[in-house]
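Chemist: Taken in order, the sequence shown gives residues 0 to 569; the numbers are from numbering that gives the first Met the number 0.
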Amino acid sequence: MTGKKQKCIYDPLTELISYYSSFKTEPGVTLTPKKAQSAEEILKERIINGDKANINKDLDTALKKFTAVEIINNILLDAMKEVGNLFGSGQMQLPFVLQSAECMKTAVSYLEKFIEKNSKAVIKGTIILATVRGDVHDIGKNLADIILTNNGYRVINLGIKCPIEKMLSAYEKHKADAIGMSGLLVKSTTVMKDNLELIKERKLKIPVILGGAALTRKFVEDKLKPLYGGDVYYAGDAFDGMKYMEMIIKNKTEKDISPFPTVQQKKAATESKPIITSGKPSYTSYEIPVPPFWGSKVIESIPLDIIFEYINRAALFKRSWKVRKDRSQPDSVYEKLLADEIIPKFNELMLLVKREKLFTPKVIYGYFPAQSDGNDLIIYKPKGYADNKLHTVWSDFVPDLKNIEEWKRFTFPRQTRDKHLCISEYFKSVKEGITDTAAFQIVTTGSNAAEYSDRLFKENKYKDYLYFHGFSIETAEALAEYQHKIIRKELKIDSKDSPDLKEIFQQGYQGSRYSFGYPACPNLEDNKKVFEMLLPERIGITLTEEFQMVPEQTTSAIIVYHPEAKYFSV
């Protein structure tokens with residue numbers, strides 16, 4: 000709760016946090032509340048069901064019997080405790096928790112004007128929240144903002160791509176209690192490490208909460224905490240951030256965290272004795288496809304309905320919207336949730352995007368002669384070509400060795416376990432004396448999506464924000480999947496495509512699509528080379544200083560046609 004007038008001390012999500020720490024979140028069910036008899040019961044049911052329509056009338060009725068502070072502390076708080084119970088027991092999913100929080104915020108905002116003007120404002124604590132330098136991803140940070148703000152904390156949200164100097168300045172200006180840093184990809188963990196080192200060098204004692212998809216508890220505890228020497232916490236989600244803020248404010252030390260095996264821990268164990276050996280694919284009898292053109296081209300007229308067909312609904316619902324089926328519940332419960340809420344929301348978003356022109360899908364892609372050289376992949380350009388001719392279709396170009404010269408060189412990591420795979424091994428070697436074909440693509444749904452998503456967040460439309468942001472990200476992935484299909488068709492290898500779209504999502508086709516910053520090619524700096532090859536500024540895409548693409552709803556990839564190429568981790 001925020002505002003200049005007095006804020007009563009209330010804790011609408013505390014119970015939710017405690018339950019979240021102890022229980023696994025499961026699919027939601029339709030809540031069947033008791034028939035409301037009193038003003039108190041009506042308000043509680045409104046909060047639990049996230050029903051804020053005309054809630055002011057019910058608040059006015061309650062105000063005839065209770066003070067504003069009593070309504071918040073004794074009625075609305077009890078309702079949020081019930082939300083916590085439902086969430087923790089697996090009967091409410093994240094979108095509906097946000098809907099209840101949104102309703103709570105609406106109610107509290109209305110009641111603030113009835114709180115005594117001479118009462119002193121109470122803020123539980125202040126946190127500076129930001130996505131680190133160079134990182135454009137903000138969904139995790141914004142969810143943390145929602146949870147903390149609706150629990151009585153003051154959040155200074157500095158947005159994305161935030162340098163540490165700006166965080167420190169805000170920390171001092173607002174007399175904050177902690178700094179929260181967020182980031183998505185591996186590169187952001189390095190930025191967090193640099194930030195902690197700078198804070199330590201200045202001898203500042205600042206509690207720091209770290210969160211993001213690339214972080215693990217193991218990494219924070221074993222690497223960052225010893226380096227920092229102060230209070231630094233790993234938040235697996237927004238609710239963990241709440242717990243640590245409570246600990247920081249109460250001047251507690253972290254005692255309830257027990258180490259557990261992580262991906263990085265297992266990886267370290269397997270890499271203790273590196274073995275460097277060739278991962279050369281055994282499948283050598285294949286034809287090198289001839290592309291329809293060399294160089295690159297831009298595609299701007301792509302019907303949204305075609306892209307929507309390629310949306311991976313399972314990934315959207317489970318990964319982005321956090322809606323999951325509980326094995327202990329009958330299928331009918333999950334199917335009802337899909338039928339009543341999720342599928343209608345999906346259809347509604349497709350109509351909204353087309354009506355409001357929120358997506359402007361664009362693609363830039365190309366084919367280039369290539370050869371492998373150990374772990375390196377060499378990309379060639381026509382010998383003697385002027386720079387202004389490189390970013391278009393290379394007319395009458397023949398990729399003969401005497402007509403080309405090295406343009407870019409990608410160095411890919413090799414597995415030190417399993418089959419010792421490396422992306423470069425899927426291309427003909429310089430020793431073989433012939434050139435191969437490599438394809439690259441960058442796709443985007445445009446900047447309108449990010450702007451609209453930001454607007455929903457600023458308007459406190461928490462549930463809509465979660466839904467739309469996830470939909471926009473998965474639509475960009477769908478565009479990448481669609482463009483990959485076009486490339487397979489142009490290379491005449493699409494005969495191996497599965498007729499089942501679900502199998503396509505599981506690589507039911509020949510070859511593979513590898514995105515930079517992910518397991519097989521984790522070096523985000525390679526995006527700079529792809530930018531120099533494709534020049535995606537032509538379709539409104541830019542690169543941050545940490546080599547992440549803007550708008551956020553953008554993906555890049557190298558397309559490998561080799562019959563044995565599949566996803567792998569290094």
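Where a beta carbon is used, it is the ideal one built from N, C-alpha and C, also for glycine.
Taking D525 as part of the alpha helix (DSSP H), name the residues at either end of that continuous run.
Modeler: Counting from one through the sequence shown, the residue named residue 525 turns up at place 526. Here the alpha helix (DSSP H) through D525 covers 525-533.
Chemist: Entirely within the segment 358-431 and at least 4 residues each: give me those alpha helix (DSSP H) ranges in chain order.
Modeler: Within the segment 358-431, the complete alpha helix (DSSP H) runs of at least 4 residues are 386-389.
Chemist: Figure out for me which residue from E502, L315, M166 has the closest Cα to the Cα of N346.
Modeler: What you label residue 346 is simply residue 347 of the sequence shown in a count that begins at 1. If we check each option's Cα against that of N346, L315 comes out closest.
Chemist: Are the Cβ atoms of W293 and F409 separated by less than 8 Å?
Modeler: Looking up residue 293 in the sequence shown gives position 294. Looking up residue 409 in the sequence shown gives position 410. It is not a contact, given that the beta carbons lie outside the stated cut-off.
Chemist: Do you know offhand how far N55's Cα is from K457's?
Modeler: Your numbering for residue 55 matches position 56 in the sequence shown. Your numbering for residue 457 matches position 458 in the sequence shown. Cα to Cα, the separation comes out at about 21 Å.
Chemist: Taking the beta strand (DSSP E) that Y513 belongs to, which residues open and close that run?
Modeler: As a first step, residue 513 must be located in the sequence shown, where it is residue number 514. Residues 511-513.
Chemist: Could you work out which residue in K192, L85, P550 is closest to T443 when comparing CA atoms only?
Modeler: The sequence position of residue 443 within the sequence shown is 444, counting from 1. Nearest of K192, L85, P550 to T443, Cα basis: P550.
Chemist: Could you tell me which residues DSSP pairs with V231 in its beta bridges?
Modeler: Sequence index remark: in the sequence shown, residue 231 carries index 232 (1-based). The partner list for V231 (beta bridge, DSSP) reads V207.
Chemist: Ignore the nearest five residues each way along the sequence and tell me which others in A268's own chain have a CB closer than 7 Å to its CB.
Modeler: Locating residue 268 in the sequence shown gives position 269, counting from the first residue. Residue confidence is low: A268 scores 35 on pLDDT, short of 50, so the model does not pin down where it sits. Its coordinate-derived value is still stated next. Result list for A268: empty, nothing under 7 Å.
Chemist: On the DSSP letters alone, give me the boundaries of the alpha helix (DSSP H) that Q98 sits inside.
Modeler: Taking the first residue of the sequence shown as position 1, residue 98 is located at position 99. Its alpha helix (DSSP H) spans residues 93-110.
Chemist: Relative to the C-alpha of G432, which residue among N250, A369, D134 is closest?
Modeler: Here residue 432 refers to the residue found at position 433 of the sequence shown. Residue A369 is the option with its Cα nearest to G432.
Chemist: Please report how far the alpha carbon of V131 lies from the alpha carbon of R354, in whole angstroms.
Modeler: Locating residue 131 in the sequence shown gives position 132, where the first residue counts as 1. Locating residue 354 in the sequence shown gives position 355, where the first residue counts as 1. Cα to Cα, V131 sits roughly 34 Å from R354.
Chemist: Going straight from the alpha carbon of L93 to that of I71, what length do you get?
Modeler: Within the sequence shown, numbered from 1, the residue matching residue 93 stands at position 94. Within the sequence shown, numbered from 1, the residue matching residue 71 stands at position 72. Cα-Cα distance, rounded: 22 Å.
Chemist: Run the proximity test for A106: is its beta-carbon closer than 7 Å to any non-hydrogen atom belonging to the ligand COA?
Modeler: For the structure depicted, the ligand COA is absent and the ligand set is empty, with no information on it obtainable.
Chemist: Ends of the alpha helix (DSSP H) at I492?
Modeler: Taking the sequence shown and counting its residues from 1, the one referred to as residue 492 is at position 493. Element bounds for I492: n/a, residue is neither H nor E.
Chemist: Please classify N149: does DSSP put it in a helix, a strand, or coil?
Modeler: For the purposes of this step, residue 149 is taken as residue 150 along the sequence shown, with counting starting at 1. Coil at N149, not helix or strand.
Chemist: With DSSP collapsed to three states, give me the class of K296.
Modeler: Your numbering for residue 296 matches position 297 in the sequence shown. K296: strand per DSSP, three-state reduction.
Chemist: Based on Cα-Cα distance, which residue from V559, L223, K165, M180 lies nearest to D236?
Modeler: Position 237 of the sequence shown, counted from the start, is the residue given in the question as residue 236. Of the listed residues, the one whose Cα sits closest to D236 is M180.
Chemist: Near R153, what residues of its chain come up, given a Cβ to Cβ distance below 6 Å and the 5 sequence neighbours on each side ignored?
Modeler: For the purposes of this step, residue 153 is identified with residue 154 of the sequence shown, where counting begins at 1. So the list reads I122, T125, once near-sequence residues are dropped.
Chemist: Pull up the DSSP beta-bridge partners for T553, would you.
Modeler: Taking the sequence shown and counting its residues from 1, one reaches residue 553 at position 554. BP columns for T553 point to T443.
Chemist: Which word fits P535, buried or exposed, when buried means at least 16 other C-beta atoms lie within 10 angstroms of its C-beta?
Modeler: As a working mapping, residue 535 is identified with position 536 in the sequence shown. Classification of P535: buried, given that the 10 Å Cβ count is 16 or more.
Chemist: Do the CB positions of P360 and I306 come within less than 8 Å of each other?
Modeler: Counting from 1 along the sequence shown, the entry for residue 360 is found at position 361. Counting from 1 along the sequence shown, the entry for residue 306 is found at position 307. It is a contact, given that the beta carbons lie within the stated cut-off.
Chemist: For G179, which three-state DSSP category applies?
Modeler: Your numbering for residue 179 matches position 180 in the sequence shown. Strand.
Chemist: Would you check if the segment 106-116 and the segment 59-74 touch, i.e. whether three or more CB-CB distances between them fall below 8 Å?
Modeler: Touching, yes.
Chemist: T130 by DSSP, collapsed to three states: which one?
Modeler: The count along the sequence shown starts at 1 and reaches residue 130 at position 131. Strand.
Chemist: How many angstroms separate the CA atom of V135 from the CA atom of Q552?
Modeler: By 1-based counting over the sequence shown, the position of residue 135 is 136. By 1-based counting over the sequence shown, the position of residue 552 is 553. Roughly 10 Å between the two C-alpha positions.
Chemist: Identify, in the order they occur along the chain, each residue of the same chain with its Cβ nearer than 6 Å to the Cβ of D137, setting aside the five sequence neighbours on each side.
Modeler: As a first step, residue 137 must be located in the sequence shown, where it is residue number 138. Cβ neighbours of D137 beyond the five flanking positions: T130, I159.
Chemist: For I114, which three-state DSSP category applies?
Modeler: Along the sequence shown, read from residue 1 onward, the residue named residue 114 stands at position 115. In this structure, I114 counts as coil in the three-state DSSP scheme.
Chemist: Spatial neighbours of K186 within its chain, please: C-beta separation below 6 Å, excluding the five flanking residues on both sides.
Modeler: Along the sequence shown, read from residue 1 onward, the residue named residue 186 stands at position 187. For K186, where only same-chain residues beyond five positions count, the Cβ hits under 6 Å are L523, E545.
Chemist: If distances are taken between C-alpha atoms only, which option among F358, K324, I557 comes closest to S300?
Modeler: As a first step, residue 300 is located in the sequence shown; it is residue number 301 there, counting from the start. Closest by alpha carbon: F358.
Chemist: Using 8 Å for Cβ pairs, my map puts P288 next to Y560. What's the rounded Cβ distance?
Modeler: Translated into the one-based positions of the sequence shown, residue 288 becomes position 289. Translated into the one-based positions of the sequence shown, residue 560 becomes position 561. Their Cβ separation, rounded to whole angstroms, is 6 Å, which keeps P288 and Y560 in contact under 8 Å.
Chemist: By the 10 Å Cβ neighbour count, where 16 or more other Cβ atoms means buried, how is K254 classified, buried or exposed?
Modeler: Position 255 of the sequence shown, counted from the first residue, corresponds to residue 254. Only weak support exists for where K254 lies, its pLDDT of 46 falling under 50; the value from the coordinates is given anyway. So K254 ends up on the exposed side.
Chemist: Among D496, C520, I46, which residue has its Cα nearest to the Cα of P562?
Modeler: By one-based count along the sequence shown, residue 562 stands at place 563. Closest by alpha carbon: D496.
Chemist: Mind checking which residues open and close the alpha helix (DSSP H) that includes I198?
Modeler: Residue numbering aside, residue 198 sits at position 199 when the sequence shown is read from its first letter. Unbroken alpha helix (DSSP H) run through I198: 185-200.
Chemist: Where does D77 sit, in a helix, a strand or coil, going by DSSP?
Modeler: On the sequence shown, residue 77 is found 78 positions in, with the first residue counted as 1. Here D77 sits in helix by DSSP.
Chemist: Say whether the segment 374-385 touches the segment 393-413, bearing in mind that this needs 3 or more beta-carbon pairs closer than 8 Å, one atom from each stretch.
Modeler: Result yes; three or more Cβ-Cβ pairs closer than 8 Å.
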